[in-house]
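Asker: Counting from 1, position 152 in the sequence shown corresponds to residue 152 in UniProt numbering; the numbering is continuous, with no gaps. Even glycine gets a Cβ: it sits at the ideal position worked out from N, Cα and C.
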Amino acid sequence: WICGIQLAAMNFQTCDEELDINKGLFSINGSIGYILKPKILLEGRDPRHKTSICCSLEIAIICGQYLPKAEPGNSGIVDPYVSVEIFGIPNDRCKLNTRPVYNNGFNPVWNEKMSFQLRCPELAILRICVKDFDSTSADEFIGEFSVPVQSIRQGYSHVRLNTGSQHNTDEAASLFIRIAFT
Numbered sequence: 001w002i003c004g005i006q007l008a009a010m011n012f013q014t015c016d017e018e019l020d021i022n023k024g025l026f027s028i029n030g031s032i033g034y035i036l037k038p039k040i041l042l043e044g045r046d047p048r049h050k051t052s053i054c055c056s057l058e059i060a061i062i063c064g065q066y067l068p069k070a071e072p073g074n075s076g077i078v079d080p081y082v083s084v085e086i087f088g089i090p091n092d093r094c095k096l097n098t099r100p101v102y103n104n105g106f107n108p109v110w111n112e113k114m115s116f117q118l119r120c121p122e123l124a125i126l127r128i129c130v131k132d133f134d135s136t137s138a139d140e141f142i143g144e145f146s147v148p149v150q151s152i153r154q155g156y157s158h159v160r161l162n163t164g165s166q167h168n169t170d171e172a173a174s175l176f177i178r179i180a181f182t
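1. Roughly how many angstroms lie between the CA atoms of residue 74 and residue 172, to the nearest whole one?
2. Taking just the CA atoms, how far does residue 37 sit from residue 43?
3. Here's the rule I'm using: 16 or more other beta-carbon atoms within 10 Å means buried, otherwise exposed. How should residue 163 be labelled?
4. Where DSSP assigns a beta bridge to residue 49, which residues make up the other side?
5. The beta strand (DSSP E) with residue 112 in it runs from where to where?
6. In this structure, does DSSP put residue 150 in helix, strand or coil?
7. Once the 5 residues before and after residue 175 are set aside, which same chain residues still bring their CB inside 6 angstroms of it?
8. Please report how far the alpha carbon of residue 122 lies from the alpha carbon of residue 61, in whole angstroms.
9. Three-state secondary structure (DSSP) at residue 174?
10. Which residues share a DSSP beta bridge with residue 169?
11. Using 8 angstroms as the cut-off, can you tell me whether the region 22 to 34 makes contact with the region 133 to 141, which would need three or more C-beta pairs spanning the two stretches below that distance?
12. To test your reading of the DSSP string, which unbroken beta strand (DSSP E) runs of 3 or more residues are found completely within the region 40 to 85?
13. How about the region 102 to 109 and the region 84 to 93: do they share at least three Cβ pairs that are nearer than 8 angstroms?
14. Quick test of your reading: residue 20 and residue 112, contact by CB under 8 angstroms. State the CB separation rounded to the nearest angstrom.
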């Protein structure tokens, strides 16, 4: 999408990172499937050549509430951690993780700050993903939230997570975060 493509084929049968980003991109207009091309692309400039930092995005992951188990039949308690990732031009791509909070999916507290330097925020998409840490196998998906950086408001917010195998919005599962642009 960031290349100005008019039409792209998506596999809606498999909920994965790419589909989450697509849903996040189109969530700003009620998911009707049409968004205007960013101004930088309308002007014919190549955003990949931007080298100067336009802004800094600071995110504080404060705590989570009612995080579900990765698998409904699982008898264990989740060890959640949060992965925050920026998608966009190659110079903006970045991924940072919090530490895991062991045995607490009810109200885990992280109080961790992250900072991202953005060169082209018009094309950047923020993805916040919560996973269950596992030292012996692959970490399991708990929930995620994706949104274009340009549509983010500064301040404190409860972010509702998309959970389960179909990544549907869970009214209970959320993260309490603070966002600031500098």
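Answerer: If we stick to the structure as given:
1. 19 angstroms
2. 10 angstroms
3. buried
4. DSSP lists no partner for residue 49.
5. 109 to 118
6. helix
7. 64 and 159
8. 23 angstroms
9. strand
10. 162
11. no
12. 55 to 65
13. no
14. At roughly 22 angstroms, the Cβ-Cβ gap does not stay under 8 angstroms, so residue 20 and residue 112 are not in contact.
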